[in-house]
Amino acid sequence: MTYSHLFSPIEVGGITLKNRITMAPLYLGYAGEGGTITPLLLEHYRLMANSGAAMIVVENATIDHPVGSGSNRTIRADTDNNLNGLSELAAVIKKQGAVACLQINHAGRFSGTDKPIAPSSVDTFGKTPQPIASENIENIQEKFAASAQRVKKAGFDMVELHGGTGYLLSQFVSPRTNKREDTYGGSLENRMRFPLEVLSRVKAAVGDFPVGYRFLADEWLPDGLQLNESTKFAKALSDNGIAYISVMGGTYESFFLPEIIQKSKTEAYMAGLAQEVKNKVQVPVITAGRISSGNIAENILGTGKADLLGLARILWADPEWPQKIREGREKDIIHCDPGCKEVCMQLVMKQKPAFCPQWNPEKVRKFKDMFQ
Ligand SMILES: Cc1cc2nc3c(=O)[nH]c(=O)nc-3n(C[C@H](O)[C@H](O)[C@H](O)COP(=O)(O)O)c2cc1C
Numbered sequence: 074m075t076y077s078h079l080f081s082p083i084e085v086g087g088i089t090l091k092n093r094i095t096m097a098p099l100y101l102g103y104a105g106e107g108g109t110i111t112p113l114l115l116e117h118y119r120l121m122a123n124s125g126a127a128m129i130v131v132e133n134a135t136i137d138h139p140v141g142s143g144s145n146r147t148i149r150a151d152t153d154n155n156l157n158g159l160s161e162l163a164a165v166i167k168k169q170g171a172v173a174c175l176q177i178n179h180a181g182r183f184s185g186t187d188k189p190i191a192p193s194s195v196d197t198f199g200k201t202p203q204p205i206a207s208e209n210i211e212n213i214q215e216k217f218a219a220s221a222q223r224v225k226k227a228g229f230d231m232v233e234l235h236g237g238t239g240y241l242l243s244q245f246v247s248p249r250t251n252k253r254e255d256t257y258g259g260s261l262e263n264r265m266r267f268p269l270e271v272l273s274r275v276k277a278a279v280g281d282f283p284v285g286y287r288f289l290a291d292e293w294l295p296d297g298l299q300l301n302e303s304t305k306f307a308k309a310l311s312d313n314g315i316a317y318i319s320v321m322g323g324t325y326e327s328f329f330l331p332e333i334i335q336k337s338k339t340e341a342y343m344a345g346l347a348q349e350v351k352n353k354v355q356v357p358v359i360t361a362g363r364i365s366s367g368n369i370a371e372n373i374l375g376t377g378k379a380d381l382l383g384l385a386r387i388l389w390a391d392p393e394w395p396q397k398i399r400e401g402r403e404k405d406i407i408h409c410d411p412g413c414k415e416v417c418m419q420l421v422m423k424q425k426p427a428f429c430p431q432w433n434p435e436k437v438r439k440f441k442d443m444f445q
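Quick note on numbering: the sequence shown equals residues 74 to 445 in the numbering used here.
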């Protein structure tokens, strides 16, 4: 099979990516306690960047610890104390010839703290978040801007705003989690206001530096955000200077529903969402979700469902995926096994580091030895 699309370059935010393969952000619990950059984290991203993927989007980093962090091992982008570590991380990725991007996030109602904050006090797995006071809105937006500036200073090539997985930015857009009665709640226009203002502040802070967006297209919940509204939000991001949109579906409240577990075992299960978004925007669109075979990857690009692929678990399971595809050695690929019941996700949700059951014992031992 020839891959005329997969290995062709594309421009994203003024930067040329050498092919259409990106690593989608994947939090694995490899940072140190307190969100520091560890030798294990550096080795992991060195392997990811060495894979031949054009761009590595590093897992979510907090803009405000602890209230905005998913866990105590969430990378910190909110303090200059981590600047040297972040610089090392950017350098490791770039040294392998990949474009380095870091995702920044506020977890909102999914924060690991006992006192989460959110647009509204909608119960979250037994916790009731405190609604964000109007006076605090600008403060949080500025924290996104300050963190994005730090990402640029650390030497990354791009920054990604995490508007997926049901975290804070998407909590504002969702009619399910945003019940506010001020100018940030109610109509879609009002619910989009917070993330669009974040984008505007971030862009003002970083200047000529690409800002991408992880995008929640559908919460997969009956009262949640759906495509009829999310595609309008995607257009607003595109009209307001976003460099790319990386589409996903689902949140922690839908990921574990039996029908969603079933759906997410299918290869390229989120490509249809990406296509809907791509129809409405003028910027490159990334799709992720169990993409693992060369012909499906090529077909997604060739049929215009998306411009780029986001590989998370497959690249982690087998960092040689791009090379094996290019060399026609597809049968040698070590696949992420849907039958493992998402061990990686289960481990990180228990605040443990994830090691892939598909790795050989030597690699598992090496990674466990490096874990601090
Ligand atoms: C353990 C785990 C951690 C993840 N961490 C992040 C993250 O930090 N940021 C993000 O936007 N998505 C995250 N995701 C979602 C992935 O980026 C991706 O969309 C999803 O895993 C589907 O792609 P895949 O089948 O290639 O893994 C995570 C997924 C898993 C399983």
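Where a beta carbon is used, it is the ideal one built from N, C-alpha and C, also for glycine.
Expected contact under 8 Å - CB spacing of residue i and residue j to nearest Å
| i | j | result |
| --- | --- | --- |
| Ser144 | Gln424 | 5 Å |
| Thr250 | Pro192 | 6 Å |
| Thr238 | Tyr325 | 7 Å |
| Pro268 | Leu242 | 4 Å |
| Glu400 | Ser366 | Incorrect: roughly 15 Å between the Cβ atoms, too far for contact. |
| Thr360 | Val320 | 6 Å |
| Val354 | Ala307 | 5 Å |
| Leu234 | Val271 | 6 Å |
| Asp136 | His78 | The amino acid occupying residue 136 in the given sequence is Ile; Asp does not appear at that position. Not really, about 35 Å apart at Cβ, beyond 8 Å. |
| Ala97 | Gly383 | 3 Å |
| Gln176 | Arg274 | With a Cβ gap of about 17 Å, Gln176 and Arg274 do not count as contacting. |
| Leu37 | Trp389 | Here the chain comprises residues numbered 74 to 445, so residue 37 is not present and cannot be evaluated. |
| Lys351 | Ala379 | 6 Å |
| Gly362 | Met343 | 4 Å |
| Met443 | Leu113 | 4 Å |
Per DSSP, the bridge partner or partners of residue i
| i | result |
| --- | --- |
| Pro204 | Ala191 |
| Ala173 | Ile129 |
| Asn178 | Thr135 |
| Met443 | Paired residue(s): none; Met443 is not in a bridge. |
| Val358 | Ile318 |
| Met74 | According to DSSP, Met74 bridges with nothing at all. |
| Gly236 | Phe288 |
| Leu90 | Ile83 |
| Arg249 | Note: Arg249 sits in no beta bridge, so no partner. |
| Thr95 | Met128, Gly383 |
| Arg149 | Thr135 |
| Thr197 | Lys200 |
| Met231 | Cys174 |
Three or more C-beta pairs below 8 Å linking the stretch 171 to 178 and the stretch 113 to 128: Short answer: they touch.
Inside the stretch 252 to 318 only - beta strand (DSSP E) runs reaching at least 3 residues: The stretch 252 to 318 contains these whole beta strand (DSSP E) runs: 284 to 291.
Within the stretch 363 to 413, ranges of the alpha helix (DSSP H) (whole runs, at least 4 residues): Runs found: 367 to 375, 386 to 390, 394 to 399.
Three or more C-beta pairs below 8 Å linking the stretch 292 to 299 and the stretch 342 to 353: Short answer: they don't touch.
Sufficient close CB pairs (3 or more, under 8 Å) joining the stretch 404 to 417 to the stretch 368 to 380: Not touching, per the Cβ criterion.
Validate contact between the stretch 100 to 107 and the stretch 145 to 152 using beta carbons, cut 8 Å, 3 pairs: In the pairwise beta carbon analysis, the stretch 100 to 107 is classified as touching the stretch 145 to 152: at least three pairs are separated by under 8 Å.
Three CB pairs or more closer than 8 Å across the stretch 149 to 164 and the stretch 214 to 222: The answer is yes - the stretch 214 to 222 touches the stretch 149 to 164, with three or more Cβ pairs under 8 Å.
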